[in-house]
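Structure record follows, encoded as C-alpha cells.
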Amino acid sequence: MRSMTGYGSGSAAFPGGRVTVEIRTVNHRFLELKMPLPREFLAYEQAFRALIESHLTRGKVDMFLSTTGKPPRRYTIEVNLELAQAYRKALTRLHKELGMSGEGDFSFLTAHPELFQVEEQARATEVQAAAITKALTLALAALDRQRLREGRFLQKELKGRVALLDKVRRQVNDRSGIVYEKTRARLKERITVLLQGLPQGVEIDQSRLLQEVASLAQRGDITEELVRLHGHIKALNELLRATEPAGKRFDFLLQEVQREVNTIGSKADDTEIRHLVVSAKEEVEKLREQVQNVE
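Under the working numbering, the residues of the sequence shown are numbered 12 to 306, in order.
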C-alpha cells in the first residue's frame with residue numbers, strides 16, 4: 012500500500028553541468044501531472060510524462076527541473092566544393108575581363124553561408140535530456156520509497172479502524188438476535204390481548220396467526236444487511252493485504268459499508284443497536300477520510 016503524498020529528488024551530471032529533478036505528489040482522485048519545462052526540452056515532454064505515468068496511477072504530481080551549466084558544443088563543417096569552384100571560376104573570369112592582376116581575394120566567400128553546412132555532433136539538448144531522464148528516474152525511486160513508508164503507517168491505521176468496525180458489527184449481530192425474539196414475543200402478547208377481546212365463538216387460525224407475527228417481526232430483521240456487511244469487511248481486509256493500488260476499490264467498498272449501516276439504523280427498533288450504528292458511521296467516516304490518501 013502506498014500513500015499518494017510524497018516527495019523525491021534526483022540529480023545527474025552531464026559534461027559541463029548538472030540537472031536536478033524534484034517531484035511532489037498529493038492526493039487526487041485521478042492522475043494530474045504538471046511539469047513546466049524550458050522551451051528547449053518541450054520535445055521530450057511526452058517521454059518524461061510516460062516515465063512518470065509508469066510509476067504513478069493517482070495523485071496530483073508537480074515536477075520541478077533545474078539545470079546548471081551547459082554541455083560543450085562540437086561541430087563538423089561540410090563545404091559545398093562544387094559551388095565554391097563555380098565561385099572561383101567566376102571570380103577568376105571577372106579579374107581577367109577587367110584586367111586585374113592576381114587571382115583575386117577569395118575571403119568574401121565566407122560571407123556565403125550556402126557554401127558551408129554546419130552540424131552539431133551531439134546536440135546539447137540531447138545530452139541534457141538524457142541527464143534529466145536519469146535524474147527523473149532517481150527522483151521517482153526516492154518518491155516511491157517515501158510513499159511506501161507513509162503507506163505502511165496508513166495501512167496500520169486503516170487495519171485498526173476496520174477491526175473496530177468489525178467489532179461493532181459483531182455487537183450488532185449479537186444484539187439483533189435478542190431484539191428479534193423480543194419483538195416477536197411483544198407482537199404475540201399484543202395479539203393475544205386483542206384476541207381475548209373477540210366475541211365468543213370466533214375461530215382463529217393459529218398457524219396463520221404465527222405466520223403474520225413472524226412477518227411483522229421480519230420487517231425489523233437485519234440479518235441480510237449484517238451478512239453483506241460482514242462480506243464487505245472481509246473484502247476490506249483483503250485489500251489491506253494487496254500489493255497493487257487499491258484506493259479506489261477501498262473507497263467503493265466503504266460506500267457499500269455505509270449503505271448497509273444506514274439500512275441497519277433505519278430498520279432496527281432498538282436503542283442499543285442505534286447507538287452502535289452511530290459508532291459504525293463514525294468509523295466509516297474516518298476510514299473514508301484516510302483512504303483518500305491511498306493510491
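Even glycine gets a Cβ: it sits at the ideal position worked out from N, Cα and C.
How big is the Cα-Cα spacing for residue i and residue j?
| i | j | result |
| --- | --- | --- |
| R50 | V268 | 50 Å |
| T190 | Q157 | A small correction: the amino acid at residue 190 is Val; Thr does not occupy that position in the sequence shown. Roughly 49 Å between the two C-alpha positions. |
| T79 | G27 | 8 Å |
| T148 | I63 | 8 Å |
| L250 | E235 | 23 Å |
| R40 | Q303 | 8 Å |
| A61 | T254 | 22 Å |
| R134 | G17 | 34 Å |
| L109 | R99 | 15 Å |
| V238 | K292 | 17 Å |
| G242 | A54 | 50 Å |
| N184 | K193 | 15 Å |
| P310 | R104 | The structure shown does not extend to residue 310, since the chain is modelled only from 12 to 306, so the question has no answer here. |
| A200 | R252 | According to the sequence provided, residue 200 is Glu. The question's Ala does not apply to it. Cα to Cα, E200 sits roughly 50 Å from R252. |
Spatial neighbours of residue i within its chain, please: CB distance less than 8 Å, with the 5 preceding and 5 following residues excluded, ordered by chain position.
| i | result |
| --- | --- |
| R285 | G276, A279 |
| L240 | R180, V268, E271, V272, I275 |
| Q301 | L165, E168, L169, R172 |
| T68 | L42, P256, E306 |
| L265 | L247, V295, L298, R299, V302 |
| R29 | S22, A23, T78, T79, G80, A142 |
| G163 | According to the sequence provided, residue 163 is Arg. The question's Gly does not apply to it. Excluding sequence neighbours, R163 sits near M12. |
| F263 | none |
Considering only the beta carbon of each residue, do residue i and residue j sit closer than 8 Å?
| i | j | result |
| --- | --- | --- |
| F25 | Q139 | yes |
| V295 | F261 | no |
| A146 | S22 | yes |
| V32 | K71 | no |
| I143 | F52 | yes |
| Q182 | L298 | no |
Kindly give me the distance between the Cβ atoms of residue i and residue j, rounded to whole angstroms, as I take these residues to be in contact under 8 Å.
| i | j | result |
| --- | --- | --- |
| A150 | I34 | 5 Å |
| S187 | I233 | 5 Å |
| E161 | S290 | E161 to S290, Cβ: 28 Å. No contact. |
| T87 | E130 | 5 Å |
Between which residues of its own chain and residue i is the CB-CB distance below 7 Å, once the five residues before and five after are set aside?
| i | result |
| --- | --- |
| L126 | V90, N91, L94, A95, L120 |
| L48 | E56, L76 |
| D177 | I244 |
| L159 | R13 |
| G258 | R69, V302, V305, E306 |
| K107 | none |
| E283 | R186 |
Go through its chain and collect everything with a Cβ distance to residue i's Cβ below 6 Å, but skip five positions before and after it.
| i | result |
| --- | --- |
| D73 | R35, K45 |
| G19 | I34, A150, A153, L154 |
| S77 | T31 |
| A122 | none |
| L175 | E294 |
| D379 | In the structure displayed, the chain extends from 12 to 306; residue 379 sits before or after that span and is not available. |
| S218 | none |
| Q128 | E89 |
Could you confirm whether any beta carbon from chain D is found closer than 8 Å to the beta carbon of residue i?
| i | result |
| --- | --- |
| Y98 | No chain D appears in the structure shown, which is made up of a single protein chain. |
Write down every uninterrupted run of the alpha helix (DSSP H) in the region 44 to 102 whose length is 4 residues or greater and which is fully enclosed by it, in chain order.
56 to 64
If you scan the region 123 to 209 from start to end, which runs of the beta strand (DSSP E) of 3 or more residues do you find wholly inside it?
127 to 131
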